[in-house]
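Student: Before anything else, here's the structure in question.
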Amino acid sequence: MQERRRKFYGWGYEGDTVSPAETAEFESAWSRLLGVDHFEAVPFPKEEDIDLRAPRIQAPASLAAICTTDKYDRLYHTYGAGTVDVARALRKEFRNPPDVIAYPRTEEDIVDLYDWCGRHNLAAIPYGGGTSVVGGVNPPEYDRYRGVVTIDLKHFDKVLEVDAKSQSARIQAGVLGPSLEKQLKPTGLTMRFFLQAWEFSSLGGWIATRAQATSRRPIRRSTTMCKASRWSRPRATSNRAVSRCQAPAPIPIDCFSAPREPWASSPKPGSGSIAGRSSAR
Ligand SMILES: Cc1cc2nc3c(=O)[nH]c(=O)nc-3n(C[C@H](O)[C@H](O)[C@H](O)COP(=O)(O)OP(=O)(O)OC[C@H]3O[C@@H](n4cnc5c(N)ncnc54)[C@H](O)[C@@H]3O)c2cc1C
Numbered sequence: 021m022q023e024r025r026r027k028f029y030g031w032g033y034e035g036d037t038v039s040p041a042e043t044a045e046f047e048s049a050w051s052r053l054l055g056v057d058h059f060e061a062v063p064f065p066k067e068e069d070i071d072l073r074a075p076r077i078q079a080p081a082s083l084a085a086i087c088t089t090d091k092y093d094r095l096y097h098t099y100g101a102g103t104v105d106v107a108r109a110l111r112k113e114f115r116n117p118p119d120v121i122a123y124p125r126t127e128e129d130i131v132d133l134y135d136w137c138g139r140h141n142l143a144a145i146p147y148g149g150g151t152s153v154v155g156g157v158n159p160p161e162y163d164r165y166r167g168v169v170t171i172d173l174k175h176f177d178k179v180l181e182v183d184a185k186s187q188s189a190r191i192q193a194g195v196l197g198p199s200l201e202k203q204l205k206p207t208g209l210t211m212r213f214f215l216q217a218w219e220f221s222s223l224g225g226w227i228a229t230r231a232q233a234t235s236r237r238p239i240r241r242s243t244t245m246c247k248a249s250r251w252s253r254p255r256a257t258s259n260r261a262v263s264r265c266q267a268p269a270p271i272p273i274d275c276f277s278a279p280r281e282p283w284a285s286s287p288k289p290g291s292g293s294i295a296g297r298s299s300a301r
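Here it is in structure tokens:
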């Protein structure tokens with residue numbers, strides 16, 4: 021089955037639209053909020069409308085199979101999902117795209133990518149779901165690096181192991197919220213970590229940003245749900261590290277996540293409210 025492509029300029033999949041009624045509702049709310057009486061509609065940008073800077077670097081032959089300089093991939097990885105990012109994208113401002121996008125499939129691939137970046141003074145940007153609102157996935161503006169390689173973790177999308185007894189799971193970092201829940205469902209467990217950007221954000225992103233899911237009480241914190249994580253690093257610094265999820269820096273390859281938390285002893289067994297259990301319990 022062909023993978024659905026996300027819009028390169030904003031939230032959602034290509035082809036997803038907002039109905040005229042919903043647009044009218046937003047416009048009316050924003051008019052009140054911003055004190056303006058009308059909006060000028062801007063057409064969504066098309067790939068062919070945008071001139072991209074030529075890539076400044078080329079992947080070595082040994083990494084060519086997992087790297088691309090395809091225009092859509094570079095556009096898509098230029099920005100996160102903050103308001104300013106989306107505004108720039110809608111204005112077709114793509115002055116500073118990443119040069120190469122890498123889609124590693126193994127831990128070894130990641131270490132090799134790091135080594136390449138280290139040897140050639142390239143910025144390496146881990147990319148989970150791209151919902152950062154603080155410029156976390158945006159290529160740096162300054163000239164310190166010869167080029168930028170965005171490392172997209174989308175192939176690290178599996179729940180590897182589930183231990184029903186301890187209610188823990190070993191999960192790869194690139195999995196997005198919906199796929200994570202879908203894979204856990206048959207086991208009767210749930211991560212129950214529904215931050216607002218759940219649909220398009222990844223486990224690795226949650227850990228790296230210390231995300232919080234505030235939509236339900238008690239508030240859930242990614243740091244307290246993670247028992248341990250394994251991280252990739254450049255070969256020069258010993259290429260793997262195991263840690264508690266407290267100090268994000270390198271890419272977590274997989275995580276021992278702990279759906280169960282201190283409030284698992286909450287006094288409502290069987291109601292679905294116990295952290296780590298789905299209502300199917
Ligand atoms: C509409 C909307 C709602 C949001 N709601 C919430 C919310 O309720 N709570 C909240 O906390 N945040 C929220 N956010 C912010 C964002 O969703 C979180 O920061 C989320 O954790 C980012 O995950 P991601 O996979 O999209 O990470 P990305 O955007 O891909 O990356 C974020 C940062 O983490 C790094 N990173 C990503 N994956 C890895 C990895 N595997 N290894 C190492 N580094 C990595 C990136 O390099 C980058 O610096 C929201 C954002 C939007 C747009």
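Each residue of the sequence shown is one higher than the one before, counting from 21 in my numbering.
The beta-carbon is built from N, C-alpha and C at its ideal position, and this holds for glycine as well.
Nothing here was measured: the structure is a model prediction, and the numbers come from that model.
1) Tell me which residues share the same chain as His140 and place their Cβ nearer than 8 Å to its Cβ, disregarding the 5 neighbours each side in the sequence.
2) Per DSSP, what kind of secondary structure is Asp57 in: helix, strand or coil?
3) Just reading off the alpha helix (DSSP H) that Pro198 is part of, what are its end residues?
4) Is DSSP giving Glu42 helix, strand or coil here?
5) Please classify Thr37 as buried or exposed, where buried requires at least 16 neighbouring CB atoms within 10 angstroms.
6) Which one of Glu42, Lys91, Val120, Val106 has the shortest CA to CA distance from Val169?
7) Quick check on the burial criterion: 16 or more other C-beta atoms within 10 angstroms. Buried or exposed for Ile130?
8) Would Ala217 and Thr151 be called neighbours here (beta carbons separated by less than 8 Å)?
9) Here's a check: name, in chain order, each residue in its chain whose Cβ is nearer than 6 Å to the Cβ of Thr88, leaving out the five neighbours to either side.
10) Is Asp135 near Arg253, with beta carbons less than 8 Å apart?
11) Whole alpha helix (DSSP H) runs in the stretch 123-150 with 4 or more residues, listed along the chain?
12) Measuring from the CB of Tyr147, is there a heavy atom of ligand 1 at a distance below 7 Å?
13) Taking just the CA atoms, how far does Leu54 sit from Lys178?
14) Using DSSP with H/G/I as helix, E/B as strand and the rest coil, what is Asp69?
15) With a threshold of 7 Å (Cβ to nearest heavy atom), would Gln232 be considered close to ligand 1?
16) Buried or exposed for Glu42, please, with buried defined as at least 16 other CB atoms from any protein chain shown within 10 angstroms of its CB.
17) Exposed or buried, Trp31, counting other C-beta atoms within 10 Å across all chains shown (16 or more means buried)?
Tutor: According to the structure data:
1) Counting from one through the sequence shown, the residue named residue 140 turns up at place 120. The answer, listed in chain order, is Ile77, Arg166, Gly167.
2) Within the sequence shown, numbered from 1, the residue matching residue 57 stands at position 37. If DSSP states are grouped into helix, strand and coil, Asp57 belongs with coil.
3) Here residue 198 corresponds to residue number 178 of the sequence shown, with the count starting at 1. Segment 197-204, the alpha helix (DSSP H) holding Pro198.
4) Reading the sequence shown from its first residue, position 22 is the one you call residue 42. Glu42 falls in the helix class under three-state DSSP.
5) For the purposes of this step, residue 37 is taken as residue 17 along the sequence shown, with counting starting at 1. Exposed, because fewer than 16 other Cβ atoms sit within 10 Å of the Cβ of Thr37.
6) The count along the sequence shown starts at 1 and reaches residue 169 at position 149. Closest option to Val169, Cα to Cα, is Val120.
7) Position 110 of the sequence shown, counted from the first residue, corresponds to residue 130. With 16 or more other Cβ atoms within 10 Å, it is buried.
8) On the sequence shown, position 197 is the one that residue 217 refers to. On the sequence shown, position 131 is the one that residue 151 refers to. Ala217 is a Cβ neighbour of Thr151, given a cutoff of 8 Å.
9) Numbered from its first residue, the sequence shown carries residue 88 at position 68. Ile121, listed in sequence order.
10) To locate residue 135, count along the sequence shown from 1; it is residue 115. To locate residue 253, count along the sequence shown from 1; it is residue 233. For the 8 Å CB-CB criterion, Asp135 and Arg253 do not form a contact.
11) The stretch 123-150 contains these whole alpha helix (DSSP H) runs: 127-140.
12) Walking along the sequence shown from the start, residue 147 turns up at place 127. It does: the Cβ of Tyr147 is within 7 Å (strictly closer) of some heavy atom of ligand 1.
13) Within the sequence shown, the letter at position 158 stands for residue 178. Within the sequence shown, the letter at position 34 stands for residue 54. Spanning the alpha carbons of Lys178 and Leu54 requires a straight line of approximately 44 Å.
14) In the sequence shown, residue 69 corresponds to position 49, counting from 1. Helix at Asp69.
15) Here residue 232 refers to the residue found at position 212 of the sequence shown. Yes.
16) Position 22 of the sequence shown, counted from the first residue, corresponds to residue 42. Looking at its Cβ environment, which holds fewer than 16 other Cβ atoms inside 10 Å, Glu42 is exposed.
17) On the sequence shown, residue 31 is found 11 positions in, with the first residue counted as 1. With fewer than 16 Cβ atoms within 10 Å of its Cβ, Trp31 is classed as exposed.
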